[in-house]
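S.K.:
2 protein chains.
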Amino acid sequence: MRSTRSPADSAPLDFLPPDVATGMLLSTVHRRSQKVFNEALRPLGIEERHFATLAVLDGTGPLTQRRLADLLDLDKSSLGRIVDDLERQRLAERRPLPGDRRAHAIHLTEQGRQHVRDGHRIAAQVGRHLFGHLSPRTRAALDHALREVLAAPGADPATPGDESRP
Amino acid sequence: MRSTRSPADSAPLDFLPPDVATGMLLSTVHRRSQKVFNEALRPLGIEERHFATLAVLDGTGPLTQRRLADLLDLDKSSLGRIVDDLERQRLAERRPLPGDRRAHAIHLTEQGRQHVRDGHRIAAQVGRHLFGHLSPRTRAALDHALREVLAAPGADPATPGDESRP
DNA sequence: CCTCTCACTTGATATAGTCTCAAGTGAGAG
DNA sequence: CTCTCACTTGAGACTATATCAAGTGAGAGG
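For the protein sequence lines, the chains are U and V, in the order given.
Once you know that position 161 of the first sequence is 161 in this note's numbering, the rest is easy, because the numbers rise by one and skip nothing.
Once you know that position 57 of the second sequence is 1057 in this note's numbering, the rest is easy, because the numbers rise by one and skip nothing.
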């Protein structure tokens, strides 16, 4: 007996051409996994975007907002707000950048580093939850395919490429 | 020489644990391909979400909003607004559902069907653009993996599942 | 009838993206 | 050595899009 709606069988989408279906799948998978992850992160008081930011910082060391936004593929304005949140919670802080008074270096605080560790643990749980039942082969194929898509010449909206070819 | 930011190499993400990286890849790929698709659809005066709705309707015949929202994995409120847009542009219309005066059946108009055809052509172009350089194997693997993820027991946020296991 | 559920609508809120601006930087001209 | 000019960084205002919650009217069961 199902409560409201069905999880997977809700979208067979077999009547759609492959590319359209892939796009919709992408959309659905992303939306759902983001939601699941956000809920799992709730005890930490942050959401996916905050954790991703912290995790990148933890992996790279202090970065400017500009650089961070690039790595996260976010608008710099969006990132600015995320950094605001993180500062408010004392998870990260803007420090003056020695060489350039326009830019700030975003540093993790000790508590921020702790959140990263906790977040990774949660991420691993959620990952098992979402991807765990995929065979390692499928799992790797997913990752590989996504990276390939990003490597596509036309994958960056900033570089439109020509749609109108003979 | 690059203009502002780099497309693919902006996110090596190699310093992140695999699941986190996959999540971010998913996010990036989705956001970018949506953007590219939306821009390609601009001549039609609609966006991805409208086209997806039209395309599903075209594949299934008239549906209630409820059913449509399920198939598209959208909030019924979101779908309501999409249908508003479509009606405003005379691409679809709400017709009374014979047996039930609460529900409407959403029907495509002739112009709506034309838009579906045009949209599919555009989708195919964008698809080639985004996915075209993937090997058919990788291409199929992507699709397969995404469907598998959706088939996961924990993929539906509505069915939380237990995160706290020994 | 009375109540419970369902389909849809509407309003409030949050989140992301775009555009614009102020401040800072760096290079070249005079 | 300074002035000017083009460019970068980040912040803020504005817009739109999505989600959630409450409300309305219709069906269905007792």
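Built from N, CA and C at the ideal position, the CB exists for glycine as well.
Report the residues of the segment 125-137 of chain U with a CB closer than 9 Å to any CB of chain V, ordered along the chain.
M.R.: So the close ones are Gln125, Val126, Gly127, Arg128, His129, Leu130, Phe131, Gly132, His133, Leu134, Ser135, Arg137.
S.K.: Is DSSP giving Arg1090 of chain V helix, strand or coil here?
M.R.: Against the second sequence, residue 1090 of chain V aligns to sequence position 90. Correct three-state label for Arg1090 of chain V: coil.
S.K.: Thinking just about the alpha-carbon of each residue, which of U:Glu148, U:Asp143, U:Phe131 is nearest to the one in Val1149 of chain V?
M.R.: Working through the second sequence from its first residue, we reach residue 1149 of chain V at position 149. Of the listed residues, the one whose Cα sits closest to Val1149 of chain V is U:Phe131.
S.K.: To the nearest angstrom, report how far apart Ala167 of chain U and Pro18 of chain U are at their CA atoms.
M.R.: Any answer about residue 167 of chain U is impossible in this case: the structure gives chain U only from 1 up to 166.
S.K.: Using a C-beta cutoff of 8 Å, does Arg1121 of chain V count as contacting chain U?
M.R.: Position 121 of the second sequence, counted from the first residue, corresponds to residue 1121 of chain V. Cβ-Cβ to chain U under 8 Å: no for Arg1121 of chain V.
S.K.: Considering only residues of the segment 1012-1068 of chain V, which uninterrupted alpha helix (DSSP H) runs meet the minimum length of 4 residues and lie entirely inside it, listed in chain order?
M.R.: Counting only runs of 4 or more, we get 1018-1041, 1048-1060.
S.K.: Tell me the residue span of the alpha helix (DSSP H) that contains His1104 of chain V.
M.R.: By 1-based counting over the second sequence, the position of residue 1104 of chain V is 104. No alpha helix (DSSP H) holds His1104 of chain V; the beta strand (DSSP E) holding it covers 1100-1108.
S.K.: Please classify Arg165 of chain U as buried or exposed, where buried requires at least 16 neighbouring CB atoms within 10 angstroms.
M.R.: Along the first sequence, read from residue 1 onward, the residue named residue 165 of chain U stands at position 165. Confidence is the limiting factor: at Arg165 of chain U the pLDDT is only 34, short of 50, which leaves the residue's position unreliable and the question unanswerable from this model.
S.K.: Would Leu54 of chain U and Gly112 of chain U be called neighbours here (beta carbons separated by less than 8 Å)?
M.R.: Translated into positions along the first sequence, residue 54 of chain U becomes position 54. Translated into positions along the first sequence, residue 112 of chain U becomes position 112. Taking 8 Å as the Cβ cut-off, Leu54 of chain U and Gly112 of chain U qualify as a contacting pair.
S.K.: Can you find a CB in chain U that lies within less than 8 Å of the CB of Arg1095 of chain V?
M.R.: For the purposes of this step, residue 1095 of chain V is identified with residue 95 of the second sequence, where counting begins at 1. Cβ-Cβ to chain U under 8 Å: no for Arg1095 of chain V.
S.K.: Does Leu1074 of chain V come out as helix, strand or coil in the three-state DSSP assignment?
M.R.: Within the second sequence, numbered from 1, the residue matching residue 1074 of chain V stands at position 74. Of the three classes helix, strand and coil, the one that applies to Leu1074 of chain V here is coil, per DSSP.
S.K.: At the level of alpha carbons, what is the spacing between Val116 of chain U and Ala124 of chain U?
M.R.: Indexing the first sequence from 1 puts residue 116 of chain U at position 116. Indexing the first sequence from 1 puts residue 124 of chain U at position 124. Cα to Cα, Val116 of chain U sits roughly 12 Å from Ala124 of chain U.
S.K.: Could you name the residues of chain U that Ser1033 of chain V contacts, counting a contact when the two beta carbons are closer than 8 Å?
M.R.: One-based indexing of the second sequence puts residue 1033 of chain V at position 33. By Cβ distance, chain U contributes Gly23, Leu26, Val149, Ala155.
S.K.: Counting only beta-carbon separations shorter than 8 Å, does Val1116 of chain V have a partner in chain U?
M.R.: In the second sequence, counting from the first residue as 1, residue 1116 of chain V sits at position 116. So no, Val1116 of chain V is outside the interface.
S.K.: DSSP three-state label for Pro153 of chain U, please.
M.R.: Position 153 of the first sequence, counted from the start, is the residue given in the question as residue 153 of chain U. Pro153 of chain U falls in the coil class under three-state DSSP.
S.K.: Could you list which residues in chain U have their beta carbon closer than 9 Å to that of Thr1060 of chain V, in chain order?
M.R.: Residue numbering aside, residue 1060 of chain V sits at position 60 when the second sequence is read from its first letter. In chain order: Phe15.
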